[in-house]
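Engineer: Counting in the numbering used here, the sequence shown runs from 5 upward without gaps.
Virtual Cβ for every residue (Gly too), placed ideally from N, Cα, C.
Just passing along the structure, written as structure tokens.
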Amino acid sequence: MRLFKNQSYVFFALSGIAATIGNGLVYITTSWYAYEYFQSISGVALLMFCIWAPSIIFGPFFGVCADRYNRKMILVLSNVVRGVAICLFVLLELLNWHNNIFVLAIVLGVFVSFYMPAAIPMITQIVKEEDLPKANATVDMLYEVGTIIGMGLSGVFIYAFGSVWTLFVGGILFIVSGYFNVLMRYQHDKKEVLNRQSTSFIREYIESIKYIFNKKGLVSVYLVQTFVMVLLMTIPVLLVPYVNQVLHANSRIFALFEMVYSMGVFIGCFFTPMLCEKLRFRVTVASLMFVMFLMLLLIATNLSMVISLISYFVIGFCLSSWALSIAQAQIHTDVASQGRAQSTFNSLSGIGILILYLLVTFEGKTLHTQALYFAEAIIALVGSLIVILATTEPQKVAEHSAGGRLK
5 MRLFKNQSYV FFALSGIAAT IGNGLVYITT SWYAYEYFQS ISGVALLMFC IWAPSIIFGP
65 FFGVCADRYN RKMILVLSNV VRGVAICLFV LLELLNWHNN IFVLAIVLGV FVSFYMPAAI
125 PMITQIVKEE DLPKANATVD MLYEVGTIIG MGLSGVFIYA FGSVWTLFVG GILFIVSGYF
185 NVLMRYQHDK KEVLNRQSTS FIREYIESIK YIFNKKGLVS VYLVQTFVMV LLMTIPVLLV
245 PYVNQVLHAN SRIFALFEMV YSMGVFIGCF FTPMLCEKLR FRVTVASLMF VMFLMLLLIA
305 TNLSMVISLI SYFVIGFCLS SWALSIAQAQ IHTDVASQGR AQSTFNSLSG IGILILYLLV
365 TFEGKTLHTQ ALYFAEAIIA LVGSLIVILA TTEPQKVAEH SAGGRLK
């Protein structure tokens, strides 16, 4: 409740939930367009490639932009351009012009890549340090709720109004999200920008990489965040082939798994910050990732639907450690370097996510789904070991407001 007394945080949260509802609508609808284009799952794979590739290719550039320019305006640009691009696509569809869904996907991929390197440092600048774990967890909860609402409504909207108008609603929600960003009270430090404009983009990026590696314990924090991000974005994707090929169940069972998983993430985001306060970051995150390793191993080695449902709930709960790893990175990284650091490890996680998407799509018939769950379990175990073996914790930065301040 204390968080929501902060007006800037309220508008940040409202922007996030509007964007995730819109993203849920757009994600399902564009996937349908892509499937129809190729009349196979290959269309969906190509769509995912178009969305994720920009963050991998241009990550360093986006990170420098997030650290050099006004983060509030970057968020506004990211949301509004995506909204306008979707609405323009809809207009062309209504005019019966030849449209390519993959061009839209590339535009969405480019401008969503701007979002995270700017958004995560922004939270650091509008929330007190002691509230960062709760602030990140709360935003994560709202993102989860928004995604569930968006994906849930997409089927109803497509049935009632058609895919074109469903896309249009998603585009309008992105524009509304950008408007909430405009309402945030935030003052960019122009003097900081003038001091750095003489430095080249490449040199500025290399300096941020040196900063991360020279600060003891900081690399491990970002690596854990990367592993959790890969798991967060790929474990739900494995549900489709798992329910279909392993459990031989129908779409209602799939919906039940999705609901249980999302419930786990939501409840986990509420309780894990409290656990972190009691047990410290290293113990909490290492424990959550090890439990997740056990649950993934359980899914990979059994055929019981009840055990798998319980495992998915626990996995969702443990994946809320993403918010904790984000907070830890924010606390121990100078705000002036956070955008570049975030974009670098976003690119790494994007590579892992793309590899698994492509494996599921093109090797789904030859590679057993339970083998993929075993691979996910190994990722969780490695993440847990990295936290345990990081014998030193990074020192907190002296000043968190280098790049901008609240008015």
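Just reading off the alpha helix (DSSP H) that residue 9 is part of, what are its end residues?
Structural biologist: Judged by DSSP secondary structure, residue 9 falls outside any alpha helix (DSSP H); it is assigned neither H nor E.
Engineer: Does the stretch 50 to 61 come within contact of the stretch 104 to 118, defined as at least 3 CB pairs closer than 8 Å?
Structural biologist: yes
Engineer: Would you call residue 289 buried or exposed, if buried means 16 or more other Cβ atoms sit within 10 Å of its Cβ?
Structural biologist: buried
Engineer: Locate the alpha helix (DSSP H) running through residue 326, then write down its first and last residues.
Structural biologist: 325 to 336
Engineer: For residue 221, name the three-state secondary structure that DSSP assigns.
Structural biologist: coil
Engineer: By Cβ distance below 7 Å, which residues in the same chain neighbour residue 198 in space, the five residues on each side in sequence not counted?
Structural biologist: Residue placement at residue 198 cannot be trusted, given a pLDDT of 49 that sits under 50; what the coordinates show is reported in the next sentence. None.
Engineer: Please classify residue 336 as buried or exposed, where buried requires at least 16 neighbouring CB atoms within 10 angstroms.
Structural biologist: buried
Engineer: Could you check the C-alpha separation between residue 133 and residue 81 for me, to the nearest Å?
Structural biologist: Distance between the alpha carbons of residue 133 and residue 81: 27 Å.
Engineer: Suppose you measure from the CA of residue 153 to the CA of residue 263; what does that come to, to the nearest Å?
Structural biologist: 11 Å
Engineer: Compute the Euclidean distance between the alpha carbons of residue 21 and residue 149, then round it to the nearest angstrom.
Structural biologist: 8 Å
Engineer: Rounded to a whole number of angstroms, what is the C-alpha to C-alpha distance between residue 303 and residue 374?
Structural biologist: Separation of residue 303 and residue 374 (C-alpha to C-alpha, rounded to the nearest whole angstrom) is 7 Å.
Engineer: Using a Cβ-Cβ cut-off of 6 Å (strictly less than) and excluding sequence neighbours within five positions of residue 109, which residues of its own chain qualify?
Structural biologist: Closer than 6 Å at the Cβ level, and outside the excluded window around residue 109, lie 51, 54, 55.
Engineer: What ranges does the alpha helix (DSSP H) occupy inside the stretch 109 to 169, keeping only unbroken runs of at least 4 residues that lie completely in it?
Structural biologist: 119 to 130, 136 to 165
Engineer: Beta-carbon separation of residue 67 and residue 343 under 7 Å?
Structural biologist: yes
Engineer: Compute the Euclidean distance between the alpha carbons of residue 359 and residue 135, then round it to the nearest angstrom.
Structural biologist: 35 Å
Engineer: Taking the alpha carbon of residue 363 as the reference point, which residue from 334, 241, 94, 32 has its own alpha carbon closest?
Structural biologist: 241
Engineer: So residue 105 and residue 37 are in contact, right, with Cβ under 8 Å, and what is the actual spacing, rounded?
Structural biologist: With 8 Å as the limit, residue 105 and residue 37 qualify as a contact, their Cβ atoms being about 4 Å apart.
Engineer: Whole angstroms are fine: how far does the CA of residue 101 sit from the CA of residue 2?
Structural biologist: The displayed coordinates of the chain run from 5 to 411. Any statement about residue 2 would go beyond what the structure contains.
Engineer: Is it buried or exposed, residue 256, if we count other Cβ atoms within 10 angstroms and call 16 or more buried?
Structural biologist: exposed
Engineer: By Cβ distance, which residues of its chain are closer than 7 Å to residue 225, with the 5 residues on each side in sequence left out?
Structural biologist: Same-chain partners within the cutoff: 329, 332, 333, 336, 398.
Engineer: So, helix, strand or coil for residue 291, using DSSP?
Structural biologist: Shown here, residue 291 sits in a helix according to DSSP, grouped into three states.
Engineer: Could you tell me the distance, in whole angstroms, from the CA atom of residue 214 to the CA atom of residue 206?
Structural biologist: 12 Å
Engineer: Does the beta-carbon distance from residue 245 to residue 138 come in below 7 Å?
Structural biologist: no
Engineer: Got a sec? Which residues, its chain only, sit under 7 Å from residue 123 by beta carbon, not counting five neighbours each side?
Structural biologist: Correct list, in chain order: 79.
Engineer: If residue 15 and residue 184 are in contact, beta carbons under 8 Å, what's the gap, nearest whole angstrom?
Structural biologist: 5 Å
Engineer: DSSP on residue 381, reduced to helix/strand/coil?
Structural biologist: helix
Engineer: With a Cβ-Cβ cutoff of 7 Å, do residue 388 and residue 321 count as a contact?
Structural biologist: no
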